[in-house]
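Trainee:
Numbering (our numbering), first residue to last: 847 to 990.
#1: Under the three-state reduction of DSSP, which class applies to residue 853: helix, strand or coil?
#2: Starting from the C-beta of residue 910, find all residues in its chain whose C-beta is less than 6 Å away, skip the five residues before and the five after it, and write them out in chain order.
#3: Taking the beta strand (DSSP E) that residue 871 falls in, what are its first and last residues?
#4: What separation, rounded to the nearest whole angstrom, lies between the Cα atoms of residue 914 and residue 902?
#5: Where does residue 958 land, buried or exposed, given buried means 16+ other C-beta within 10 angstroms?
#6: Can you give the beta carbon distance from residue 924 to residue 951, rounded, assuming they're within the 8 Å contact cut?
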């Protein structure tokens, strides 16, 4: 089951969207909430390409967005941080690297498709499996 955490720096005050010749400024948290809502469906359309378990239900893809508070102190702070955890085992280094790039490219494409500039200091932290867990989501038991 994929778990994706999106964390943004309190210093990120706006994300810029280009529409034609106009530029619009958006609240970063609003944009990232929209991305979070879209990611499960985007991933469902790419399960095989992302090398995810084909039995993964959309309700099993958890996406969380968090904006750090102004009083939180972080050394070497990035503007935007994606942490991607996967339950699927990925034994071969080259496949893990490819999978990491597929996730990064999928998220970058979402920004491009929406005409929004991704911050330059964006980090993609990737944790392939295996991981193990179980529970109930939306009334459906899941086990991985």
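Note that beta-carbon positions come from the ideal geometry of N, C-alpha and C, so glycine has one too.
Mentor: Here's the rundown:
#1: strand
#2: The answer, listed in chain order, is 851.
#3: Unbroken beta strand (DSSP E) run through residue 871: 868-872.
#4: 30 Å
#5: exposed
#6: Wrong, their Cβ atoms sit about 19 Å apart, outside the cutoff.
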